[in-house]
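Visitor: First residue of the sequence shown: 186, per our numbering; consecutive thereafter. From the three backbone atoms N, C-alpha and C, an ideal C-beta is built for every residue, glycine too.
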Amino acid sequence: MPHVVIELSENLPLQDGKALLKAVNETLFASGEFRAAKDIKSRIYRAPVSLIGLGEAGDGEHFVVAKIALLAGRSDDVKSALVGRVMTVLQAHFADVADVQYAVEIQDLSAQYLKA
Numbered sequence: 186m187p188h189v190v191i192e193l194s195e196n197l198p199l200q201d202g203k204a205l206l207k208a209v210n211e212t213l214f215a216s217g218e219f220r221a222a223k224d225i226k227s228r229i230y231r232a233p234v235s236l237i238g239l240g241e242a243g244d245g246e247h248f249v250v251a252k253i254a255l256l257a258g259r260s261d262d263v264k265s266a267l268v269g270r271v272m273t274v275l276q277a278h279f280a281d282v283a284d285v286q287y288a289v290e291i292q293d294l295s296a297q298y299l300k301a
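1. Quick check for students: name the residue ranges of the alpha helix (DSSP H) that lie wholly in the region 197–222, counting only runs of 4 or more.
2. One question on the structure: do leucine 206 and serine 227 come within less than 8 Å of each other, judged by their Cβ atoms?
3. When you compare only the Cα positions, how much space is there between glutamine 292 and alanine 242?
4. Going by beta-carbon coordinates alone, are valine 268 and valine 289 separated by less than 8 Å?
5. Which ranges would you report for the beta strand (DSSP E) in the region 223–291 if only whole runs of at least 3 residues count?
6. Which partner residues of glutamate 192 appear in the DSSP bridge assignment?
7. Could you tell me if valine 189 is buried or exposed, where buried requires 16 or more neighbouring beta carbons within 10 angstroms of its beta carbon?
8. Taking its Cβ as the centre, do 16 or more other Cβ atoms sit within 10 Å of proline 198, making it buried, or is it exposed?
9. Our contact map puts glutamate 218 next to valine 263 with C-beta atoms below 8 Å; I'd like the distance itself, whole angstroms only.
10. Roughly how many angstroms lie between the CA atoms of alanine 215 and isoleucine 253, to the nearest whole one?
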């Protein structure tokens, strides 16, 4: 744990997806909330078709949405800190791209989650 899924708008330029994932994994591991770096699983998906608002000038051109799924039990302060860490990485990675909207969300997994 955790699982990180990053979704990108169809036209957002991405030079090095592995570098982005490594930076996200490193910042999560550095939080001290996870036992081993190998417990963090991350991936990137690109929306095949995307639209912000009505597609008009000023609505926005790109988006990045990160969802972090982890086992329940962490405090709101810890969750906020994890969200902040990932947001910082995303904004730094796409700093050279104009008109990007960012979102980071934490999802608590059910107690019935099972891994092998």
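Guide: Taking the coordinates as given:
1. Runs found: 202–215.
2. In this structure, serine 227 lies closer than 8 Å to leucine 206 by Cβ.
3. Glutamine 292 and alanine 242 have their alpha carbons spaced roughly 32 Å apart.
4. The Cβ atoms of valine 268 and valine 289 lie closer than 8 Å to each other.
5. 226–231, 247–256, all fully within the region 223–291.
6. Beta-bridge pairing links glutamate 192 to Tyr230, Val250.
7. The residue in question, valine 189, is buried, as its Cβ has 16 or more Cβ neighbours within 10 Å.
8. It counts as exposed.
9. Rounded, the Cβ-Cβ distance is 6 Å, consistent with contact.
10. When rounded, the distance between both Cα atoms is 15 Å.
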